[in-house]
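*Asks:* Questions regarding the structure given below will be posed in turn.
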Amino acid sequence: MYDLIQIIQNFVPHFMIILTFSIVLIFSIQPLFWNLTNIKFNNSNKVDSLELRKLSIYEQIKELELEFDMGNISDYDFKRNRLELVNEVSEIIEKIK
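Read in our numbering, the sequence shown has 94 at position 92, and its numbers run on one by one without any break.
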């Protein structure tokens, strides 16, 4: 009986190491075997994503204007960055339509 307990006590740490390594390996390799072509995004998800991006750009424009009003950025940088953001939001609005 004592020998069996010794064997089990010696085996458990090795088993736990092997089990932990196996679980980490499985979770690391699992995404490689997923078939990503079967994942389909419906149009509403795309529109929702574009709407969120549009709102984010509007917030960036507001922050840019605030920074300009506080005098933290130059007139040239303000105009250039604002034009880029406005162009980007225009493209997003076109995609939504």
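Glycine residues also receive a C-beta, built at the ideal position from the N, C-alpha and C atoms.
Are there three or more Cβ pairs, one per stretch, closer than 8 Å when the region 87-99 is compared with the region 56-75?
*Replies:* Verdict: yes, contact present.
*Asks:* Report, in whole angstroms, the separation of the C-beta atoms of I94 and L52, which I expect to be a contact under 8 Å.
*Replies:* 5 Å between Cβ atoms; contact.
*Asks:* Are the CB atoms of I63 and L87 nearer to each other than 7 Å?
*Replies:* Cβ distance < 7 Å, so I63 and L87 count as in contact.
*Asks:* Taking just the CA atoms, how far does S24 sit from D79?
*Replies:* Going from the Cα of D79 to the Cα of S24 covers about 53 Å.
*Asks:* Cα separation between N74 and F29?
*Replies:* Roughly 47 Å separates the two Cα atoms.
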